[in-house]
């Protein structure tokens with residue numbers, strides 16, 4: 001069971017790194033992708049568009065390496081929850097926009113609505129995996145085990 | 001009560017004292033480790049925060065949106081290329097990207113209708129070209145190059161040449177995901193549309209209007225245009241799912257606007 005956490009770290013962390021890395025090359029586009037959702041006030045849209053890809057990569061790296069696993073998993077779960085709400089609200093308002101989850105944003109999407117359910121399901125599953133790590137952040141093969149000394153007696157991973 | 005404890009009692013007491021001392025020591029060590037972990041945790045967090053801050057600064061410095069850029073001369077309302085009489089009763093606004101295949105379909109399907117409406121004098125068409133499909137041309141930034149070339153033709157040869165160039169780029173539209181037309185091909189079509197190679201080549205190759213392209217795209221994005229083609233009649237966006245439906249809706253909306 002200890003390795004379930006490792007699997008969750010690898011999957012969620014890997015997805016974050018890919019998603020962030022694909023957005024990184026075009027900051028202009030990621031701002032537009034955020035704006036397309038028409039949810040945030042214009043004053044914060046550029047900040048979110050510029051910082052989100054960087055945050056995604058950092059959270060992904062932390063999860064992959066098992067560094068500050070619990071805080072990283074909290075951030076990861078909150079972001080995934082926000083994405084689920086964003087996509088669901090775009091769907092409910094009848095917006096036909098590209099998710100922008102893995103770069104892009106604002107493309108000509110004839111079938112945006114067809115993609116929404118799958119995108120919501122994917123993000124919800126990743127949110128659940130993140131929540132598992134919030135609950136059980138202690139995993140083998142994690143930097144946390146080296147960087148932080150155990151504050152309880154016994155095996156650092158078997159119990160937390 | 002005897003003052004003398006039995007040996008067994010004494011031994012037990014010594015053991016208990018030792019265990020208590022050991023427990024206190026363990027607890028102290030734990031507290032020490034906890035303090036150290038908090039410090040390490042904060043240090044790691046601060047490093048991450050710094051890296052994140054630097055990343056954010058780099059990202060925003062790489063975004064050229066909003067920097068002032070001179071639009072081509074002859075442009076209307078900064079970003080619109082107008083076909084028809086400026087005083088026409090009905091305005092059709094078309095947001096499109098030169099790489100977008102549905103825009104190409106719409107251009108082909110609506111050209112005759114729009115031309116006759118424009119000729120009647122009742123309707124003017126505002127082309128608001130944008131560039132957001134650069135990633136669909138194998139890194140050659142075709143959307144931006146094509147729109148920049150439109151600006152170059154308008155700037156050097158005027159509206160009629162720019163409109164002819166606009167139509168030509170859709171008639172010879174490259175497939176989405178291909179390299180797009182080369183700069184030389186853009187120059188060739190510009191010349192065929194009425195521009196002079198001597199003046200139009202440099203702004204096409206140097207992307208003289210790239211800043212205008214970025215700002216035009218951003219303005220459309222801020223107006224809520226999230227896909228292309230987006231077609232508006234007197235400011236009202238037409239809803240559609242297929243190109244045929246879009247053309248039908250366009251005709252209906254124009255007739256309604258003419259009647260009203």
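Residue numbers (my numbering), protein chains in the order written: chain A, 1 to 160; chain B, 1 to 260. For every residue, glycine included, the Cβ atom is placed at its ideal position computed from N, Cα and C.
{"Query": "Where residue 79 (chain B) falls: helix, strand or coil (DSSP)", "Result": "coil"}
{"Query": "Simplified DSSP state of residue 128 (chain B), which is helix, strand or coil", "Result": "strand"}
{"Query": "Under 9 Å by beta carbon: chain A residues contacting residue 98 (chain B)", "Result": "Neighbours of residue 98 (chain B) on chain A: none; closest Cβ ~12 Å, over 9 Å."}
{"Query": "Cβ of residue 149 (chain A) within 8 Å of any chain B Cβ", "Result": "yes"}
{"Query": "Beta-carbon proximity list for residue 161 (chain B), same chain, < 7 Å, skipping 5 on both sides", "Result": "153, 193, 194, 195"}
{"Query": "Below-8 Å beta-carbon distance, residue 45 (chain B) vs any chain A residue", "Result": "yes"}
{"Query": "Simplified DSSP state of residue 47 (chain B), which is helix, strand or coil", "Result": "helix"}
{"Query": "Under the three-state DSSP convention, the category residue 101 (chain A) falls into", "Result": "strand"}
{"Query": "Contact set between residue 64 (chain A) and chain B, taken where Cβ atoms lie within less than 8 Å", "Result": "Simply none; closest approach about 14 Å."}
{"Query": "Among A:19, A:8, A:33, the one whose alpha carbon lies nearest that of residue 132 (chain B)", "Result": "A:33"}
{"Query": "Of the residues B:223, B:242, B:125, the one placed nearest residue 42 (chain A), counting alpha carbons only", "Result": "B:223"}
{"Query": "Host alpha helix (DSSP H) of residue 59 (chain A) (start-end)", "Result": "45-65"}
{"Query": "Close beta carbons around residue 10 (chain B), own chain, < 7 Å, minus the five adjacent residues each side", "Result": "none"}
{"Query": "Test item: CB-CB of residue 40 (chain A) and residue 48 (chain A) under 8 Å", "Result": "yes"}
{"Query": "Closest Cα partner of residue 161 (chain A) within the set A:67, A:5, A:15, A:2", "Result": "Shown here, chain A extends from 1 to 160; a query on residue 161 (chain A) therefore has no answer."}
{"Query": "Residues that DSSP places opposite residue 233 (chain B) in a beta bridge", "Result": "B:92, B:236"}
{"Query": "Chain-ordered residues of the stretch 60-92 of chain B with a beta carbon less than 8 Å from chain A", "Result": "60, 62, 63, 64, 65"}
{"Query": "Minimum Cβ-Cβ distance from residue 73 (chain A) to chain B less than 8 Å", "Result": "no"}
{"Query": "Contact under 8 Å by Cβ, residue 120 (chain A) with residue 87 (chain A)", "Result": "yes"}
{"Query": "Cβ neighbours of residue 114 (chain A) in the same chain (closer than 6 Å, five flanking residues each side left out)", "Result": "none"}
{"Query": "C-beta neighbour in chain B for residue 69 (chain A), strict 8 Å", "Result": "no"}
{"Query": "Terminal residues of the alpha helix (DSSP H) in which residue 203 (chain B) lies", "Result": "197-205"}
{"Query": "Spatial distance of residue 115 (chain B) from residue 24 (chain A) (CA atoms)", "Result": "43 Å"}
{"Query": "C-alpha distance - residue 101 (chain B) paired with residue 180 (chain B), whole-angstrom precision", "Result": "12 Å"}
{"Query": "Residues of its chain near residue 264 (chain B), where Cβ-Cβ distance is below 6 Å and the 5 sequence neighbours each way are ignored", "Result": "With chain B covering 1 to 260 only, the question about residue 264 (chain B) has no answer from this structure."}
{"Query": "At least three beta-carbon pairs within less than 8 Å, the stretch 240-259 of chain B to the stretch 63-72 of chain A", "Result": "no"}
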